[in-house]
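Visitor: First residue of the sequence shown: 37, per the numbering used here; consecutive thereafter.
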Amino acid sequence: MTKEQIKELAYSLGADLCGIASIERFLEAPKGYHPLDVFPQCKSVISFACRFPVGALKCNTSAVYTRIRNSLTPKLDAIALDLCIRLEQEDILAVPIPTNESEWDGSTNRWRSIISQKHAAQAAGLGTIGRHSLLITPEFGSMVWLGAVLVDVELEPDSLKEPVCTNCNLCVEACPVNALEKPEINQGACWDYAFGEDKEKQDWRISCHKCRDICPYNLGSKNNLLERR
Ligand code: SF4
Ligand code: SF4
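Structure, rendered in structure tokens:
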């Protein structure tokens, strides 16, 4: 299969963006979290994204943002699974990477996905990571959720995007718990504040995305509906 055919397949399964990274682009992956640590036969990484409806940013309740995120996660996992099955039918060994599951990395005291979805997306030319540690894509800004599949065939990699983050510091200043003070996000501070039980509503919620909201690049060329309102 050509990379164009693989991308068309990903789009037909529901992805809005798709790109290819060669294995050589993961030199800086943390020990134990390189694609080859997961799948020693890996030669290329397929990264894809689904858009996140931006109306959620205008709602007065965190219920909507939380529900969209909780619905996008299984959607991306289903795309990854279907893509793997279709690739296997074409004699390509393929491995789905969970979209939202993480494990404790005792060597760095962080929760990590077995492969960083954001770094895979950056390596596949979908966008670039901003100071707020989110991926910014030209088409949908940071309003995307990500999935990935590892494959045992060499595919032509896509061009990398130029960084757009200007280090304006707006996201750093907007964070209520100073989680973005250092170049690497203070994951514990962010997660403790942003995720968890809403005591009043007695429901699990994502109650903060201020760093995403304030970034001038949170919307893209195909997702600028809010700017027109
Ligand atoms: S989601 Fe909220 S708590 Fe987490 S880094 Fe962004 S602004 Fe800070
Ligand atoms: S708000 Fe500014 S510093 Fe933060 S990610 Fe966006 S452009 Fe970069």
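Backbone N, C-alpha and C define an ideal beta-carbon position, used for all residues, glycine too.
Given the structure, does alanine 92 come close to ligand 1, in the sense that its CB is under 6 Å from one of the ligand's heavy atoms?
Guide: No.
Visitor: Per DSSP, what are the beta-bridge partners of valine 81 in this structure?
Guide: Paired residues: Ala57 and Leu186.
Visitor: What I want to know is whether the C-beta of cysteine 247 ends up closer than 6 Å to one or more non-hydrogen atoms of ligand 1.
Guide: Yes - ligand 1 has a heavy atom lying nearer than 6 Å to the Cβ of cysteine 247.
Visitor: Taking three-plus beta-carbon pairs below 8 Å as touching, is the region 192-209 in contact with the region 225-233?
Guide: Touching, no.
Visitor: Pairing CB atoms from the region 160-178 with CB atoms from the region 133-150, are three or more of them under 8 Å?
Guide: The region 160-178, when compared against the region 133-150, does not touch it at the 8 Å Cβ threshold.
Visitor: With a cut-off of 6 Å, give the chain-ordered residues whose Cβ is closer than this to any heavy atom of ligand 2.
Guide: For ligand 2, the selected residues are Gly166, Arg167, His168, Cys201, Thr202, Asn203, Cys204, Asn205, Leu206, Cys207, Ile250, Cys251, Pro252 and Tyr253.
Visitor: Of the residues Arg61, Val131 and Gln238, which one's Cα is nearest the Cα of alanine 114?
Guide: Of Arg61, Val131 and Gln238, the residue nearest in Cα terms is Val131.
Visitor: So within the region 91-136, which uninterrupted alpha helix (DSSP H) runs reach at least 4 residues, ignoring any that extend past its ends?
Guide: With a minimum length of 4 residues, the continuous alpha helix (DSSP H) runs that stay inside the region 91-136 are 98-124.
Visitor: Are there any heavy atoms of ligand 1 lying less than 6 Å away from the beta-carbon of lysine 184, as far as the coordinates show?
Guide: Checking the sequence, you will find alanine at residue 184 rather than lysine. No, the Cβ of alanine 184 stays beyond 6 Å of every heavy atom of ligand 1.
Visitor: Please state if the CB of valine 90 and the CB of leucine 206 are separated by a distance shorter than 7 Å.
Guide: For leucine 206 and valine 90, no; Cβs fall outside 7 Å.
Visitor: Starting from the Cα of threonine 144, find the closest Cα among Trp227, Glu220 and Arg61 and give me that residue.
Guide: For the residues Trp227, Glu220 and Arg61, the minimum Cα distance to threonine 144 belongs to Glu220.
Visitor: Who does leucine 171 pair with in a DSSP beta bridge?
Guide: In the DSSP output, where bridge partners are listed per residue, leucine 171 has Ile165.
Visitor: Once DSSP output is grouped into helix, strand and coil, what is the label at glutamate 266?
Guide: For the chain, the structure presents residues 37 to 265; residue 266 sits outside this window and is missing.
Visitor: For a quick check, are the C-beta atoms of alanine 210 and alanine 225 less than 7 Å apart?
Guide: Their beta carbons are not under 7 Å apart, which means alanine 210 does not touch alanine 225 by this criterion.
Visitor: For cysteine 251, which three-state DSSP category applies?
Guide: If DSSP states are grouped into helix, strand and coil, cysteine 251 belongs with coil.
Visitor: From alanine 157 to methionine 37, what distance separates their C-alpha atoms?
Guide: Cα to Cα, the separation comes out at about 21 Å.
Visitor: For the putative contact between cysteine 86 and leucine 108, defined by C-beta atoms under 8 Å, what is the C-beta separation to the nearest angstrom?
Guide: Their Cβ separation, rounded to whole angstroms, is 6 Å, which keeps cysteine 86 and leucine 108 in contact under 8 Å.
Visitor: Just to confirm, is the Cβ distance from tyrosine 101 to glycine 177 under 7 Å?
Guide: Not in contact: tyrosine 101 and glycine 177 (Cβ atoms no closer than 7 Å).
Visitor: Give a yes or no on whether the C-beta atoms belonging to tyrosine 69 and arginine 148 are separated by under 7 Å.
Guide: Taking 7 Å as the Cβ cut-off, tyrosine 69 and arginine 148 qualify as a contacting pair.
Visitor: With DSSP run on the structure shown, which of helix, strand or coil describes glutamate 217?
Guide: Coil at glutamate 217, not helix or strand.
Visitor: What residue from Asp52, Glu60, Ser58 and Leu255 has the CA that sits closest to proline 174's CA?
Guide: Residue Leu255 is the option with its Cα nearest to proline 174.
Visitor: Is cysteine 86 close to ligand 1? I mean its beta-carbon at under 6 Å from any heavy atom of the ligand.
Guide: No; taking the cut-off as 6 Å, the Cβ of cysteine 86 has no heavy atom of ligand 1 nearer than that.
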